[in-house]
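Only one structure is covered here, and it is reproduced in the block below.
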Amino acid sequence: MKYLLILCVFFNAISAFAQKGLDNVSYFDEVKSSVLIESLKESKSNNQLRGSYYLFKDWETDSKIYYKNKIYAINRLNYNLKDDHFEAKFEKDSIFVINPSSVDKVVVNGKTFQRFGYMGDKGARVSYFENIVSFKGATLLKYYAIKIKKGAINPLTKEKSQPDELVQDPMYYIKRGTSKELETIKLRKSHIFALIEEDKKEMVTKFAKQNKLKFNKIDDVAHILKYYNSI
1 MKYLLILCVF FNAISAFAQK GLDNVSYFDE VKSSVLIESL KESKSNNQLR GSYYLFKDWE
61 TDSKIYYKNK IYAINRLNYN LKDDHFEAKF EKDSIFVINP SSVDKVVVNG KTFQRFGYMG
121 DKGARVSYFE NIVSFKGATL LKYYAIKIKK GAINPLTKEK SQPDELVQDP MYYIKRGTSK
181 ELETIKLRKS HIFALIEEDK KEMVTKFAKQ NKLKFNKIDD VAHILKYYNS I
């Protein structure tokens, strides 16, 4: 696909400005004029839908692309949930797709994203997952699915009083060690405790209770697993 034809030119152009090593950050603005790509149209929902196909509300993000031993900073990066790829935006109508094949990871506003293979509803596929927390040789991952929430219907007129809305519908997975298999997990106490060693469960329970942490909230679960990793 034409719009995926980018990183070859992109990184060759940027390499002229970059030095070796992870300490270097090369801003994409410096080489924007040297990158020959086809502009894309921004993914927009139709007039019958509220919400956005993009993960972040604002395109002005603190973002870095990790490519081998280099880091490239782009301050206008967003994740397209519909098409499952990151996009960089320049002027109003100038957008290009980040080809994931050569990227080690992408960090946006402190969130780290990497690609993993998994078995989805439509069979095997590879997608971006957010790294939530690593613990005891495993990693909790978050996949950002998207769905349409039906708008409310007026019981008298039987017509919609609110339009349908695009909403994020996250799913969670566990990756163990070097295994290529991802295990689905729910944000439930029983599922989280299945990850915890038997002799540590009492301490984890006490910690969660003292800090008023809930097992159905991802930030609280991350806090719990960080504690578990420390004991």
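For what it's worth, UniProt numbering labels the leading residue of the sequence shown as 1, then goes sequentially. Built from N, CA and C at the ideal position, the CB exists for glycine as well.
Closest in C-alpha terms to K150, from the list N99, R188 and S161, comes S161.
Judged by DSSP in its simplified three-state form, S127 adopts strand.
Assigned with DSSP and collapsed to three states, P155 falls in coil, not helix or strand. F116 sits in a strand when the DSSP states are folded into three classes.
If you draw a straight line from the Cα of I65 to the Cα of V106, it comes to about 5 Å. Put simply, of A222, F113, K111 and E60 the residue whose alpha carbon is nearest the alpha carbon of L187 is A222. When only Cα atoms are considered, T178 and F113 end up about 17 Å apart. In chain order, G137 and A138 place their CB closer than 7 Å to the CB of R176, counting only its own chain and leaving out the 5 sequence neighbours on each side. In the three-state scheme derived from DSSP, where H, G and I count as helix and E and B as strand, A194 is classed as coil. In the structure shown, P170 falls within a strand segment according to DSSP collapsed to helix, strand and coil.
Taking C-beta separations shorter than 8 Å and ignoring five residues to either side along the sequence, the partners of N109 in its chain run F56, T61, D62 and S63, following chain order. Fewer than three beta-carbon pairs drawn from the region 150-159 and the region 120-134 are found closer than 8 Å, and the two stretches are therefore not classed as touching.
For the 9 Å CB-CB criterion, K68 and S102 form a contact. Minimum Cα-Cα distance from I148 among the listed residues Y72, K214 and Q168 corresponds to Q168. Only buried fits I224, as 16 or more other CB atoms lie within 10 angstroms of its CB. Following the DSSP letters along the chain, one finds Y228 inside the alpha helix (DSSP H) bounded by residues I218 to S230.
For P170, the CB contacts under 7 Å within the same chain, skipping 5 residues up- and downstream, are K142, Y143, Y144 and A145 in chain order.
Counted as a single uninterrupted DSSP element, the stretch harbouring V106 is not any alpha helix (DSSP H) but the beta strand (DSSP E) occupying residues K105 to V108. Between R50 and P163, the C-beta gap is smaller than 9 Å, which places the two residues in contact. Annotated three-state conformation of S179 is coil, per DSSP.
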